[in-house]
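J.:
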Amino acid sequence: MEWFKNWFDSPYYHILYKERNSYEAEYFIDNLIKYLKIPEKSKIIDIACGKGRHSIYLEQKKMKVTGIDLSQKSINHAKKFENDNLFFFKHDMRKKFQKETYDAALNLFTSFGYFKTKNEHQTAIDAMALNLKKEGLLIIDFMNVNKTINNLVSIEEKKINDILFNITRSVKGKYIQKEITFKHNDKNYNFLEKVMAFTISDLSNFIINAKLEIINIFGDYDLNPFCEYNSDRLILICKK
Numbered sequence: 068m069e070w071f072k073n074w075f076d077s078p079y080y081h082i083l084y085k086e087r088n089s090y091e092a093e094y095f096i097d098n099l100i101k102y103l104k105i106p107e108k109s110k111i112i113d114i115a116c117g118k119g120r121h122s123i124y125l126e127q128k129k130m131k132v133t134g135i136d137l138s139q140k141s142i143n144h145a146k147k148f149e150n151d152n153l154f155f156f157k158h159d160m161r162k163k164f165q166k167e168t169y170d171a172a173l174n175l176f177t178s179f180g181y182f183k184t185k186n187e188h189q190t191a192i193d194a195m196a197l198n199l200k201k202e203g204l205l206i207i208d209f210m211n212v213n214k215t216i217n218n219l220v221s222i223e224e225k226k227i228n229d230i231l232f233n234i235t236r237s238v239k240g241k242y243i244q245k246e247i248t249f250k251h252n253d254k255n256y257n258f259l260e261k262v263m264a265f266t267i268s269d270l271s272n273f274i275i276n277a278k279l280e281i282i283n284i285f286g287d288y289d290l291n292p293f294c295e296y297n298s299d300r301l302i303l304i305c306k307k
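Residue numbers (my numbering): 68 to 307.
In structure tokens, the structure reads:
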């Protein structure tokens, strides 16, 4: 089984990451909408939406939003918030969804790089592009692998809900890995996260192969220019 299918549907995933910064995410989305001049009532697809918090915020900004994710448990949670302008579906980003339907497609907060081969990632980008109307926008927000690797915290402990998570990070071949071990109710658990260490060149090639144009590249959620060794993020703004 692919690692993310097991881990993302685990209750422990949501415990470990429950304190993720919603303010930062909303700030980034606000900046994107302002910079890209995305009008109200635009149709947006949130690809790898998780429990839907970003989709929900986009709908609050008066967008028409569809969220897709591979985790059935996350989609079940997100569906509680559905309304006439907000819908969620269980869907694999590597497969076609709705052709030429959306004004913008978002893949945010390193929700990419999980698959085993570059071909699978190209297939995912191709499917993202297929969702877009002509002149539609694709925004991919990925980690800056150079800074991530240079600042990797090898060993970390986090205690959340009386569970002590032991986290080990490493670079193994083409992957940045995070091994998560812990004990709960007298049972030992071990999960592994693996993300391909895609560079700006790798992602640019995927975009070009999908017949999209890169119109800007940013390096953080303030939308400052990308710097290969200093930027926190690698944010690509692409147009069909």
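Backbone N, C-alpha and C fix where the C-beta goes; we use that ideal spot for every residue, glycine too.
Quick check: the Cα distance between CYS294 and PHE258, rounded to an integer number of angstroms?
T.: Counting from 1 along the sequence shown, the entry for residue 294 is found at position 227. Counting from 1 along the sequence shown, the entry for residue 258 is found at position 191. Cα-Cα distance, rounded: 32 Å.
J.: Identify whether PRO78 lies in helix, strand or coil by the three-state DSSP scheme.
T.: Along the sequence shown, one-based indexing puts residue 78 at 11. Correct three-state label for PRO78: helix.
J.: Does PHE154 come out as helix, strand or coil in the three-state DSSP assignment?
T.: Translated into positions along the sequence shown, residue 154 becomes position 87. It is a strand residue.
J.: Judging by CA-CA distance, which residue of LYS140, ALA145, MET160, MET263 is the nearest neighbour of ASN73?
T.: If you number the sequence shown from 1, residue 73 lands on position 6. When each option's Cα is compared against that of ASN73, the closest is LYS140.
J.: When you compare only the Cα positions, how much space is there between LYS157 and ALA277?
T.: Sequence index remark: in the sequence shown, residue 157 carries index 90 (1-based). Sequence index remark: in the sequence shown, residue 277 carries index 210 (1-based). Their Cα atoms are separated by approximately 23 Å.
J.: Specify the secondary structure class of ARG87 as computed by DSSP and reduced to three states.
T.: To locate residue 87, count along the sequence shown from 1; it is residue 20. If DSSP states are grouped into helix, strand and coil, ARG87 belongs with coil.
J.: Reducing DSSP to helix, strand and coil, say where LEU125 ends up.
T.: Within the sequence shown, numbered from 1, the residue matching residue 125 stands at position 58. In the structure shown, LEU125 sits in a helix (DSSP, three-state: H, G or I).
J.: Can you tell me whether ASP170 is buried or exposed, with buried defined as 16 or more other CB within 10 angstroms of its CB?
T.: On the sequence shown, residue 170 is found 103 positions in, with the first residue counted as 1. Buried, because 16 or more other Cβ atoms sit within 10 Å of the Cβ of ASP170.
J.: Per the contact definition of three or more C-beta pairs closer than 8 Å, is the segment 281–301 in contact with the segment 207–216?
T.: A contact exists between the segment 207–216 and the segment 281–301.
J.: Please report the distance separating the alpha-carbon of ILE100 from that of PRO106.
T.: Sequence index remark: in the sequence shown, residue 100 carries index 33 (1-based). Sequence index remark: in the sequence shown, residue 106 carries index 39 (1-based). Computed Cα separation, rounded: 8 Å.
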